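S.K.: Before we start, here is the structure in question, set down as structure tokens.
Residue numbers (the working numbering): 289 to 734.
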């Protein structure tokens with residue numbers, strides 16, 4: 289008879305903690321080796337975690353909604369089915385976050401609203417999301433920095449979004465370079481009074497209260513992360529959005545003529561998105577500033593073309609990344625895109641597959657949206673929105689110069705860009721270039 293520890297895995301080098309968002313098994317359940325037993329959420333990805341061994345789930349030590357460091361024992365498996373299992377989970381440490389609603393989500397009555405408001409508190413070893421962004425590090429790195437008396441907020445890291453990694457700290461300490469010294473935190477400055485709120489009121493407005501008959505549900509971990517990242521992006525980048533109409537008639541004809549042969553040869557469904565990605569990559573090469581990042585007073589021009597494509601999920605949104613898209617053919621882009629989207633919906637993505645994007649495309653048009661103003665994914669400087677692709681009547685010039693009404697397949701594209709480093713003229717030239725690439729797409733590209 290033996291018990292096997294189930295631990296919180298490390299989902300990437302820079303990730304030092306994870307949130308256990310949902311248990312897929314309960315105490316007493318028989319589990320098979322590699323069968324998913326719980327779900328986790330990190331800053332990068334949601335994933336299902338398999339059982340390390342076959343057996344019976346004997347103890348649950350971490351409840352849904354808790355955020356704990358990697359390598360923490362979250363449960364124990366009994367390797368013999370006949371062994372006695374705990375009648376109830378062992379008492380876990382005080383939860384750092386509110387339990388995530390199961391699916392379908394149980395509702396919380398209005399009377400429970402005050403208790404819920406007190407319980408919903410993001411974790412992170414006492415650090416808020418804004419603090420984690422400001423220090424650009426994981427909890428483990430912050431702990432090492434505190435022990436060494438270093439101020440990591442003043443250091444430039446090599447991790448994603450400038451995060452300071454453990455390797456960065458070790459290199460800095462070994463080099464003997466003058467270290468930025470930790471200084472006492474200054475008292476927070478008072479926010480300027482809102483013109484819409486009385487003096488002393490929070491700048492974001494008062495906290496709403498539930499009314500009789502209302503239903504209160506906690507946000508999922510993924511929804512909390514999306515909310516945090518969107519707010520940070522709005523605070524970071526000077527957002528401007530421009531629009532153009534794109535004529536897809538030529539691409540639609542190529543797709544219709546070659547779709548059956550393409551799908552028979554590759555086993556992949558051919559959508560409009562690979563044509564868009566191929567054209568966007570050409571545009572990024574022509575206008576390198578669109579494939580860059582801002583690092584303080586410097587601009588980093590990326591030499592990799594890693595295109596993120598937003599995938600809508602029933603429980604949120606995730607952006608898997610097609611790495612080195614410029615090296616892929618249209619068939620290669622199609623295969624990679626379909627694979628990433630399928631595994632995103634099945635929660636099978638690895639952390640590396642949602643990191644390292646240099647430009648993002650979002651496609652609300654699949655839901656019928658004509659156009660939108662998407663928010664930039666940090667630390668990128670632009671995001672392309674694709675509106676619905678549909679047939680429209682357009683005025684065209686006939687063979688003898690007269691105006692005629694023609695039926696054309698069209699879409700509105702929007703480009704949201706960071707006005708700190710990208711001027712409107714450049715963003716419009718980029719979008720015009722992408723428009724030309726799509727409208728003159730070569731017949732033999734497949």
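Using N, Cα and C, we set each Cβ at its ideal position, and we do this for glycine too.
None of these values were measured; they are calculated from a predicted model.
For residue 290, count neighbouring Cβ atoms within 10 angstroms of its own Cβ and tell me buried if that reaches 16, exposed if not.
M.R.: exposed
S.K.: To which residues of the same chain is residue 656 closer than 6 angstroms at the C-beta, ignoring the five residues directly before and after it?
M.R.: The residues are 676.
S.K.: Express the C-alpha separation of residue 550 and residue 502 in angstroms, rounding to a whole number.
M.R.: 52 angstroms
S.K.: Going straight from the alpha carbon of residue 559 to that of residue 529, what length do you get?
M.R.: 25 angstroms
S.K.: Of the choices 571, 695, 597, whose alpha-carbon is the least far from that of residue 717?
M.R.: Each of 571, 695, 597 was checked against the Cα of residue 717, and the nearest Cα belongs to 571.
S.K.: In the DSSP assignment, the beta strand (DSSP E) including residue 588 goes from what residue to what residue?
M.R.: Where residue 588 is concerned, the enclosing beta strand (DSSP E) stretches over 586-589.
S.K.: Helix, strand or coil for residue 639, going by three-state DSSP, please let me know.
M.R.: Look at residue 639 here: in three-state DSSP terms it is helix.
S.K.: For residue 536, which residues from the same chain have a beta carbon less than 7 angstroms from its beta carbon, with the 5 sequence-adjacent residues on both sides left out?
M.R.: 560, 677, 697, 698, 699, 726
S.K.: Are the Cβ atoms of residue 356 and residue 296 separated by less than 8 angstroms?
M.R.: yes
S.K.: DSSP beta-bridge partners for residue 583?
M.R.: 586
S.K.: By Cβ distance, which residues of its chain are closer than 6 angstroms to residue 521, with the 5 residues on each side in sequence left out?
M.R.: 663, 664, 666
S.K.: Would you mind stating whether residue 345 and residue 316 have Cβ atoms separated by less than 8 angstroms?
M.R.: yes
S.K.: Taking the alpha-carbon positions, what's the residue 711 to residue 719 distance?
M.R.: Here the alpha carbon of residue 711 sits roughly 13 angstroms from the alpha carbon of residue 719.
S.K.: Could you tell me the distance, in whole angstroms, from the CA atom of residue 240 to the CA atom of residue 294?
M.R.: The shown model of the chain, from 289 to 734, leaves out residue 240, and the question about it has no answer.
S.K.: Take residue 327 and list the residues in its own chain whose beta-carbon comes closer than 6 angstroms to its own, dropping the five residues that flank it on each side.
M.R.: Leaving aside the five residues that flank residue 327 on each side, the residues in its chain whose CB is nearer than 6 angstroms to its CB run, in chain order, 309, 310, 336.
S.K.: On the three-state DSSP scale, how would you describe residue 341?
M.R.: coil
S.K.: Residues in its own chain within less than 8 angstroms of residue 715 by CB, not counting five upstream and five downstream?
M.R.: 528, 530, 578, 670, 703, 705
S.K.: Once the 5 residues before and after residue 686 are set aside, which same chain residues still bring their CB inside 7 angstroms of it?
M.R.: 692
S.K.: Looking at residue 661: is its Cβ nearer than 8 angstroms to the Cβ of residue 607?
M.R.: no
S.K.: I need the DSSP call for residue 672, collapsed to helix, strand or coil.
M.R.: strand
S.K.: Tell whether a beta-carbon distance below 8 angstroms holds between residue 594 and residue 582.
M.R.: Not closer than 8 angstroms, so no.
S.K.: Enumerate in chain order the residues of its own chain whose CB-to-CB distance from residue 543 is below 8 angstroms, with the five nearest sequence positions on each side excluded.
M.R.: 558, 560, 563
S.K.: Mark residue 456 as exposed unless 16 or more other C-beta atoms lie within 10 angstroms of its C-beta, in which case mark it buried.
M.R.: buried
S.K.: Spatial neighbours of residue 612 within its chain, please: CB distance less than 8 angstroms, with the 5 preceding and 5 following residues excluded, ordered by chain position.
M.R.: 592, 593, 594
S.K.: How is residue 648 classed by DSSP in three states: helix, strand or coil?
M.R.: Correct three-state label for residue 648: strand.
S.K.: Please identify the residue among 338, 708, 460, 621 whose C-alpha is closest to the C-alpha of residue 586.
M.R.: 708
S.K.: So what's residue 574 in DSSP terms, helix, strand or just coil?
M.R.: Collapsing the DSSP output to three states places residue 574 in a helix.
S.K.: Under the three-state reduction of DSSP, which class applies to residue 620: helix, strand or coil?
M.R.: Reduced to three states, the DSSP call for residue 620 is helix.
S.K.: Please list the segments of the alpha helix (DSSP H) lying wholly inside the stretch 508-544, counting only runs of 4 or more residues, in order along the chain.
M.R.: 509-524
S.K.: Considering Cα atoms alone, identify which of 320, 352, 347, 318 is closest to residue 329.
M.R.: 352
S.K.: For a test of the three-state rule: what should DSSP assign to residue 436, helix, strand or coil?
M.R.: helix
S.K.: Report yes if the CB atom of residue 339 is closer than 8 angstroms to the CB atom of residue 364, and no otherwise.
M.R.: no
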